[in-house]
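**Student:**
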Amino acid sequence: TAVFTVKGGGRKQVMDNVSLVVVDGDEVTLSGLLGDTKRVSGRITRVDLENHEIIIE
Numbered sequence: 063t064a065v066f067t068v069k070g071g072g073r074k075q076v077m078d079n080v081s082l083v084v085v086d087g088d089e090v091t092l093s094g095l096l097g098d099t100k101r102v103s104g105r106i107t108r109v110d111l112e113n114h115e116i117i118i119e
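The opening position of the sequence shown corresponds to residue 63 in the working numbering, with each subsequent residue numbered one higher.
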């Protein structure tokens, strides 16, 4: 699953092959298939399971 951030009308891919998403307030921690992690500020606004996309604003 790919995770994107949306700011000012633009969309930027943050991480690909995400296997775990943990939300803590307005911080989202992403974990990849290979054990890599990334933290993103914002809130999840959309989860599209058919197209394997998560949107964070």
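Note that beta-carbon positions come from the ideal geometry of N, C-alpha and C, so glycine has one too. All values reported here derive from a predicted model rather than from experimental measurement.
Might you give, ordered along the chain, the residues of its own chain that have their beta carbon closer than 7 Å to the beta carbon of Thr99, omitting 5 neighbours on each side?
**Tutor:** Within the sequence shown, the letter at position 37 stands for residue 99. Only Thr91, Leu92, Ser93 meet the Cβ criterion.
**Student:** By the three-class DSSP mapping on this structure, what secondary structure does Arg108 have?
**Tutor:** The sequence position of residue 108 within the sequence shown is 46, counting from 1. Here Arg108 sits in strand by DSSP.
**Student:** Could you pull out every residue in the same chain whose Cβ sits closer than 6 Å to the Cβ of Thr67, ignoring the five residues on either side in sequence?
**Tutor:** As a working note, residue 67 is residue 5 in the sequence shown. Hits under 6 Å: Lys74, Val76, Ile118.
**Student:** Could you work out which residue in Asn79, Arg105, Ser81 is closest to Gly87 when comparing CA atoms only?
**Tutor:** Along the sequence shown, one-based indexing puts residue 87 at 25. The residue with the shortest Cα to Cα distance from Gly87 is Arg105.
**Student:** What does DSSP give as the partner residues of Val83 in its beta bridges?
**Tutor:** Taking the sequence shown and counting its residues from 1, one reaches residue 83 at position 21. Looking at the DSSP assignment, Val83 forms a beta bridge with Leu92.
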